[in-house]
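What follows is a single structure, written as structure tokens, with notes after it.
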Amino acid sequence: MNLRFLGKGSAFYPVYGNTGAYMLYGKELYLLDCGETAFERLYELVGFDEIERVYVIQTHLHADHVGSLGSLISYFHHILGRQVVVVHPQTTVVQLLTLEGIDPRGYIYKETLPENAAGLHAEPVEVKHARDMKCYGYILSDKEESVYYSGDSSELPPQIREQFLEGKIQRIYHDTASEDLPNPSHCYYGKMEQWIPREKRGQVYCMHLDSPCEDMLKERGFSVVEVEG
Ligand SMILES: [Zn+2]
């Protein structure tokens, strides 16, 4: 599974672009979140004309994760005459798109990722992030491997940690914060240090960074996602 990153920043560190990733499979585009900076980055990196199907798997509805979803849908609908499949366990994403005036003919809403050409499965895992909104990580699996993508999350769910340590999940992409706040929305790296033994940290890819903290994370044995282009 070749996840390519459009950005690796947190909402308040826009220098690194909004965190989100994509995967191409033939003429299909699979997208994890579509934050404020995602549509423009995708426009530069992916030849939209060639894309016949887009799946957008949403973790939650904060603007840095969903901010340009409406524009992506409108572009595919009005310019290319194609529908985008929007995947999120909550119908709140439809409410948001309706308020934004997005033509409902431009997208198909699905609670879970439907069968697709890439053979990709996306199992949602509810995570701790915001009090007033549900947020999900996803276990993403294809024929070759399983990885976990956290979305925004202040904790690594215990069952994910377990599956990772057992080798059932090969890589973790996790929201990582350098600040240890009293009521956290994001995951302080010190917690990840406690949960993940050093020899396994290279398979944990930090993302959603709130500062240029890559060197510090790498010194502690973690990997950091590489942003495209
Ligand atoms: Zn968030």
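Residue numbers for the sequence shown follow numbering that gives the first Met the number 0, beginning at 0 and rising by one. Don't be surprised by glycine CBs; every beta carbon is placed ideally from N, CA and C. Note that this is a predicted model, so its numbers are computed, not measured.
Cβ pair residue i, residue j closer than 8 Å
| i | j | result |
| --- | --- | --- |
| Tyr188 | Ile168 | no |
| Glu143 | Arg3 | no |
| Val93 | Tyr54 | no |
Buried/exposed call for residue i, threshold 16 Cβ in 10 Å
| i | result |
| --- | --- |
| Glu154 | buried |
| Phe11 | exposed |
| Val14 | exposed |
| Ile171 | buried |
| Arg104 | exposed |
| Lys312 | With the chain covering only 0 through 228, there is no way to say anything about residue 312. |
Cβ shell of residue i (< 8 Å), same chain only, five flanking positions each side left out
| i | result |
| --- | --- |
| His64 | Asn17, Thr18, Gly19, Asp32, Cys33, Gly34, Gln57, Thr58, Gly150, Asp151 |
| Tyr137 | Leu31, Ile56, Thr58, Ala121, Glu122, Pro123, Val124, Tyr147, Tyr148, Gly150 |
Other residues of its chain near residue i: CB distance less than 7 Å, five sequence neighbours each side excluded
| i | result |
| --- | --- |
| Ile101 | Gly69, Ile72, Ser73 |
| Trp194 | Leu155, Arg160 |
First and last residue of the uninterrupted beta strand (DSSP E) at residue i
| i | result |
| --- | --- |
| Val45 | Unbroken run through Val45: none, as it is neither H nor E. |
| Leu5 | 3-6 |
| Gly136 | 132-140 |
| Arg206 | Going by the sequence as given, residue 206 is Met instead of Arg. Start and end: 203-206. |
Close beta carbons around residue i, own chain, < 6 Å, minus the five adjacent residues each side
| i | result |
| --- | --- |
| Phe38 | Ser67, Ser70, Leu71 |
| Ile107 | Gln82, Val84 |
Residue interval of the alpha helix (DSSP H) (run including residue i)
| i | result |
| --- | --- |
| Ile72 | 68-73 |
| Lys217 | 213-218 |
| Ala62 | 62-65 |
Beta carbon nearer than 5 Å to a non-hydrogen atom of ligand 1: His61, Asp151
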